[in-house]
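Working notes for the structure below.
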Amino acid sequence: MPRIVLASASPSRRRLLESSGIVPEVLVSGVDEEDSAYVSLSPSELVLALAIVKAHTVKNLIEFPAIVIGCDSTFEFEGESLGKPLTRERAIERAKLLRGNSGVLYTGHCIIDTVREVEISDIA
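Under the numbering used here, the letters of the sequence shown match residues 8 to 131, in that order.
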């Protein structure tokens with residue numbers, strides 16, 4: 008079986024795979040998520056585009072055979088994509104803003120099987 012390579016620094020994504028019996032190699036893509044190329048995308052388009060770019064970036068860095076998994080998530084609130092708060096202060100502001108409200112969490116996935124030369128991508 009080819010090795011599984013997770014193109015993400017997310018500890019929760021790694022733990023999710025491990026809890027399913029899959030122990031991935033982790034190789035962070037280094038993709039600039041703030042690149043101006045993504046500015047005009049909707050939140051759902053953004054996560055799919057980033058998942059695909061991350062998976063392809065890592066695919067181009069590794070030796071085959073492998074299955075590469077690229078992911079990205081964002082929370083949409085009132086039409087705006089809210090990324091990670093990054094600071095305690097920003098997290099508190101965000102919690103106050105969202106209190107009593109709801110939004111949509113989008114996650115994009117891209118899986119590349121280098122053996123079968125198959126790529127699957129979707130949004131959840």
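All C-beta atoms, glycine included, are put in the ideal place defined by N, C-alpha and C.
These figures come from a predicted structure and were not determined experimentally.
query: Between which residues of its own chain and G115 is the CB-CB distance below 6 angstroms, once the five residues before and five after are set aside?; result: V54, L55, A58, D79, I130
query: Is R106 helix, strand or coil when you go by DSSP?; result: coil
query: For A62 and I11, which I take to be in contact (beta-carbon distance under 8 angstroms), what is that distance rounded to the nearest angstrom?; result: Contact flag wrong, Cβ pair sits at about 12 angstroms.
query: Thinking C-alpha only, which one of P72, E87, T64, V75 is nearest L112?; result: E87
query: My understanding is that L93 touches T81, with C-beta atoms under 8 angstroms, so please give their C-beta distance in whole angstroms.; result: Not a contact, Cβ separation roughly 14 angstroms.
query: So, A73 versus P18, is the Cβ gap smaller than 7 angstroms?; result: no
query: May I ask you to report which of helix, strand or coil DSSP gives V58?; result: Contrary to the premise, residue 58 reads as Ala rather than Val in this sequence. Three-state DSSP puts A58 in a helix.
query: Let me know the beta strand (DSSP E) ranges lying completely inside the stretch 21-102, each 3 residues or longer, listed in chain order.; result: 73-84, 87-89
query: CA-CA distance, V38 and I69?; result: 16 angstroms
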